[in-house]
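Enquirer: The structure under discussion is supplied below as structure tokens; questions concerning it will follow.
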Amino acid sequence: MAERDYYEVLGISREASQGDIKKAYRKLAMKHHPDQNPDDPRAEEKFKEIGEAYEVISDEEKRAAYDRYGHAAFKSGGGGGGGRGGFHDPMDIFSQVFGGGGGGGGSMFDDLFGGGGGRRRDRSGKKRGSDLRYDLEITLEEAAEGVEKELEIEKYASCVKCSGSGSKSGSAGTITCSTCGGRGVVGQQRGIFIQQATCPDCRGSGQIIADPCEDCGGDGRKQAPERVSIRIPAGVDDGTRLRSTGKGDAGMRGGPAGDLYVFLHLRDHDVFQRDADDLYCEVPLPFSTAALGGELEVPTLTGSATMKVPAGTQGGTTFRLRDRGMPALNGRGKGDLHVEVQVEVPTRLNSDQRERLEAFTESIGEKNSPVQESFFEKAKRFFDS
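Using our numbering, the first residue of the sequence shown is number 4, and each one after it goes up by one.
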């Protein structure tokens, strides 16, 4: 993905003052904070982007380097852990700007997000697990009836041995991380710049488990396949998103689990096409039934149904069968089934049948062919004009 200009991210000009920069950041950070947008999986990435832009543009030295070299000024020379390794935790930036930078007393940050720091990582290293996405293909029949599916997903699950605490004994506390000295970040010299990255040992918390669990290494979770049951309600459509709370990755060291988002995709059907709650299909109609009228058996999602066809029905005529479509997702009624008939013309006639059909054609005359009569009248007017 192309990196966006930091000034564009904050919606400011290159001549913006520090006051304008901070004002723009406060507005955008409030709007896109993950706790304000729990159902938007893109909010966290947007929040990180805003924090990264503010960290650079609000610092005069970094801003000057960015104005001169662009994003290249902050690129590390070698490979790394990916992501945004050279920048502070966006939650730390947020708390500093809104007055929650680690001192005593309350802050605007606490007032807005309940005093707990929203999604800030606490000093014990607890961290909410990531949300997961699962794409699931279902049939039209399953969408109509509703179904329960069992999914097998690869995820971080709570460590069984330490019950998710990360501690061998299950009750030991934490000690200051020796790698970062409790800061949660480590610095790396890159030319004239010093880049800061999240500490690889304490994951940014500044603390490590005193007696780490041998199975999970103190994380409190391990990656493993897990079977998850999910109920799909009747009436879902292609693109419907279902949320299963707490079924995402397990949190770090006893932190809350993330959520699982299941995106549904409807498999193409051999007979029916769907438009919202209505279904559409084409059905062959014998030409004798089209001429004389009668009953026609048509398919529905719940079996066959009998439809009355009036005499003189033309090919392409569409009939509507009420309440034979898809159930509404909110449980209020059903859509309709639209049946378009295609008149079948016999392709093999013996001599006797041909004679009878020719005699029939002569006997009815042109007045009994309304579509043909109408067409030739229009054509005559066209050529006479």
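Note that CB positions come from ideal geometry on N, CA and C, so glycine has one too.
(1) Please go through the same chain and pick out, in chain order, the residues whose beta-carbon is closer than 8 angstroms to the beta-carbon of Arg244, but skip the five residues on each side of it.
(2) Indicate whether the contact test is met: 3 or more Cβ pairs, each with one atom in the stretch 246–258 and one in the stretch 158–172, closer than 8 angstroms.
(3) What are the partner residues of Gly297, as DSSP defines its beta bridges?
(4) By a C-beta neighbour count over all protein chains shown, 10 Å radius and 16 as the cutoff for buried, is Gln276 buried or exposed?
(5) Do you know how far the Cα of Asp355 is from the Cα of Val346?
(6) Under 7 angstroms Cβ to Cβ from Ser168, same chain only, skipping five residues before and after it: list those, please.
(7) Using alpha carbons as the reference points, say which of Asp339, Pro330 and Ala362 lies closest to Ala147.
(8) Since I believe Ser166 is in contact with Gly173 (beta carbons under 8 angstroms), could you give me their beta-carbon distance rounded to a whole number of angstroms?
(9) Measure the alpha-carbon distance for Gly88 versus Ala200 and round it to whole angstroms.
(10) Near Leu282, what residues of its chain come up, given a Cβ to Cβ distance below 6 angstroms and the 5 sequence neighbours on each side ignored?
(11) Considering Leu13, what are the terminal residues of the beta strand (DSSP E) in which it resides?
(12) For Gly338, I'd like the list of residues in its chain whose CB is within less than 6 angstroms of its CB, leaving aside the five on either flank, ordered along the chain.
(13) Which of the three DSSP states is assigned to Val239 in this structure?
(14) Leaving out the 5 sequence neighbours to the left and right, which residues in its chain are closer than 6 angstroms to Gly320 when beta-carbon positions are compared?
(15) If contacts are defined as beta-carbon pairs under 8 angstroms, then Asp262 and Ser247 qualify, I think. What distance do you get, rounded to the angstrom?
(16) Based on Cα-Cα distance, which residue from Gly149, Gly207 and Asp43 lies nearest to Asp134?
(17) The alpha helix (DSSP H) spanning Ser247 covers which residue range?
(18) Is the beta carbon of Leu13 closer than 8 angstroms to that of Ile24?
(19) Across which residues does DSSP place Pro259 in a beta bridge pair?
(20) I think Gly187 touches Ser208, with their Cβ atoms under 8 angstroms apart; what is that distance to the nearest whole Å?
(21) By alpha-carbon positions, which one of Met33, Asn333 and Pro236 ends up nearest to Gly54?
(22) Is it the case that the Cβ atoms of Gln210 and Ile235 are separated by a distance below 8 angstroms?
(23) Taking only the alpha-carbon atoms, compute the straight-line gap between Lys129 and Glu18 and give it to the nearest angstrom.
(24) Looking at the structure shown, is His268 part of a helix, part of a strand, or coil, going by DSSP?
(25) Whose C-beta lies closer than 7 angstroms to the C-beta of Pro289 among residues of the same chain, with five residues either side of it excluded?
(26) Is it buried or exposed, Phe363, if we count other Cβ atoms within 10 angstroms and call 16 or more buried?
(27) Taking C-alpha atoms, which residue in Ile233, Gly132 and Asp218 lies nearest to Glu155?
(28) Tell me whether Glu410 is buried or exposed, calling it buried when 16 or more other Cβ atoms sit within 10 Å of its Cβ.
(29) In or out: His35 buried (at least 16 other Cβ within 10 Å) or exposed?
(30) Got a sec, what are the start and stop residues for the beta strand (DSSP E) Glu6 sits in?
(31) From this set, Asp240, Arg359, His74 and Gly149, which residue's C-alpha is nearest Glu6's C-alpha?
(32) Assuming Tyr341 is part of the beta strand (DSSP E), what are its boundary residues?
(33) Ordered along the chain, which non-local residues of its own chain (more than five positions away) have a Cβ less than 7 angstroms from that of Gln21?
(34) Just list the residues that DSSP pairs Val286 with in beta bridges.
(35) On the premise that Ala213 lies in contact with Gly176, defined as a C-beta separation below 8 angstroms, what is that separation, rounded to the nearest angstrom?
(36) How would you label Gly103, buried or exposed, when you count the other beta carbons within 10 angstroms and need 16 or more for buried?
Expert: Based on what the coordinates show:
(1) So the qualifying residues of the chain are Tyr264, Val265, Phe266 and Leu267.
(2) Between the stretch 246–258 and the stretch 158–172 there are three or more C-beta pairs closer than 8 angstroms, enough to call the two in contact.
(3) According to DSSP, Gly297 bridges with Val312.
(4) Of the other Cβ atoms in all chains shown, fewer than 16 fall within 10 Å of the Cβ of Gln276; this residue is therefore exposed.
(5) For Val346 and Asp355, the distance between alpha carbons rounds to 22 angstroms.
(6) The residues are Gly223, Arg256 and Gly257.
(7) Per the Cα distances, Pro330.
(8) Here Gly173 really is in contact with Ser166; their C-beta atoms are around 6 angstroms apart, less than 8 angstroms.
(9) Note that Gly88 has pLDDT 39, beneath the 50 cutoff, so the model's placement of it is unreliable and the number below is only indicative. About 5 angstroms.
(10) Counting only residues of its own chain and dropping the five nearest sequence neighbours on each side, Leu282 has a CB closer than 6 angstroms to the CB of Phe275, Gly328 and Leu340.
(11) For Leu13, there is no enclosing beta strand (DSSP E); the enclosing alpha helix (DSSP H) has its first and last residue at Tyr9 to Leu13.
(12) By the criterion of a C-beta distance shorter than 6 angstroms, Gly338 is surrounded in its chain by Asp280, Asp281, Gly328 and Met329, once the five residues flanking it on both sides are discounted.
(13) It is coil, neither helix nor strand.
(14) Residue identity differs from the one stated: residue 320 is Thr in this sequence, not Gly. Val344, listed in sequence order.
(15) Right, their Cβ atoms sit about 7 angstroms apart.
(16) Considering only alpha carbons, the answer is Asp43.
(17) No alpha helix (DSSP H) contains Ser247, which is instead part of the beta strand (DSSP E) from Arg244 to Ser247.
(18) With respect to Leu13, Ile24 sits close: the two C-beta atoms are nearer than 8 angstroms.
(19) Beta-bridge pairing links Pro259 to no other residue.
(20) Correct: roughly 6 angstroms between the Cβ atoms.
(21) Ranked by Cα distance from Gly54, the options Met33, Asn333 and Pro236 are led by Met33.
(22) Their beta carbons are not under 8 angstroms apart, which means Gln210 does not touch Ile235 by this criterion.
(23) The alpha-carbon atoms of Lys129 and Glu18 are separated by roughly 41 angstroms.
(24) His268: strand per DSSP, three-state reduction.
(25) Cβ neighbours of Pro289 beyond the five flanking positions: Glu347.
(26) Its Cβ having fewer than 16 others within 10 Å, Phe363 is exposed.
(27) Minimum Cα distance to Glu155 is reached at Ile233.
(28) This structure cannot settle anything about residue 410, because the visible part of the chain is limited to 4 through 388.
(29) With 16 or more Cβ atoms within 10 Å of its Cβ, His35 is classed as buried.
(30) No residue range can be given for Glu6, since it is assigned to no beta strand (DSSP E) and is classified by DSSP as neither H nor E.
(31) Looking from the CA of Glu6, the closest CA among Asp240, Arg359, His74 and Gly149 belongs to His74.
(32) Per the sequence shown, residue 341 should be read as His rather than Tyr. Its beta strand (DSSP E) spans residues Leu340 to Glu347.
(33) Taking Gln21 as the centre and dropping the five residues before and after it, the same chain places the C-beta of Ser61 closer than 7 angstroms to its C-beta, in chain order.
(34) DSSP links Val286 through a beta bridge to Val344.
(35) That pair is a contact at about 6 angstroms.
(36) The pLDDT assigned to Gly103 is 42, lower than 50, so where the model puts this residue is not dependable; a value taken from the coordinates is nonetheless given after this. The residue in question, Gly103, is buried, as its Cβ has 16 or more Cβ neighbours within 10 Å.
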